[in-house]
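In the numbering used here, the protein residues as written are 7 to 202. Below: one structure, written as structure tokens.
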């Protein structure tokens, strides 16, 4: 009887030893609903690899989405991207905790686009466009989200506020993406002119 117990114990240690040698069970196919059932050390190495990539702002991501894949440039006729980029500036400042909606109970029933923005932290972000917009918001009276997007896009009839327009946003973002190594520039001949 003791020999049978010894052989069972030996077979259990061998089988448990083989399981340990194979590493943690992380197969998606073998688990229920395709979820991992154990820790996988490769997850750490994958996240470390992702952290080496430059962090993109929301504006840069939207600009990349607007690029024509084969030609590598934005459509000259697409004005909607200008509004989208200015909207991303407002969102990015909110995500970074620099601005928020004004906490005025009388304006709570208004749609978010019509509610006023207030600067809650004027610390620089390190992104030129964001810092420029934050500085303008800090120095002016409180205005609504849609007003800020219009002003930063240059869509205003008020000559006193024409200085709020953020100029060359697409070009500045594209240059930043070139500096980060995401995009590259190349010269092309367009009729009689060289274009970059």
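Every residue gets a Cβ at the ideal spot worked out from N, C-alpha and C, and that includes glycine.
Return the first residue and the last residue of the beta strand (DSSP E) that residue i is part of.
i, result
"residue 105", "105–107"
Considering residue i, what are the terminal residues of the alpha helix (DSSP H) in which it resides?
i, result
"residue 181", "175–185"
Where does residue i land, buried or exposed, given buried means 16+ other C-beta within 10 angstroms?
i, result
"residue 166", "exposed"
"residue 180", "buried"
"residue 69", "buried"
"residue 119", "exposed"
"residue 184", "exposed"
"residue 129", "exposed"
"residue 121", "buried"
"residue 155", "buried"
"residue 186", "exposed"
"residue 63", "buried"
"residue 93", "buried"
"residue 71", "exposed"
"residue 190", "exposed"
If contacts are defined as beta-carbon pairs under 8 Å, then residue i and residue j qualify, I think. What distance do you get, rounded to the angstrom?
i, j, result
"residue 105", "residue 134", "Contact doesn't hold; Cβ gap of about 17 Å is too wide."
"residue 66", "residue 182", "7 Å"
"residue 158", "residue 172", "5 Å"
"residue 127", "residue 160", "No, residue 127 and residue 160 are not in contact; Cβ-Cβ is about 27 Å, not under 8 Å."
"residue 151", "residue 91", "Not quite, the Cβ-Cβ distance comes to about 15 Å (not below 8 Å), so this is no contact."
"residue 123", "residue 143", "6 Å"
Unbroken stretches of the beta strand (DSSP E), 3 residues or longer, contained in the region 73–158:
Runs of the beta strand (DSSP E) spanning 3 or more residues and lying entirely within the region 73–158 occur at 105–107, 123–125, in chain order.
Under 8 Å, with one C-beta from each stretch per pair, do the region 93–109 and the region 134–150 reach the 3-pair mark?
With the cut-off at 8 Å, the region 93–109 and the region 134–150 touch.
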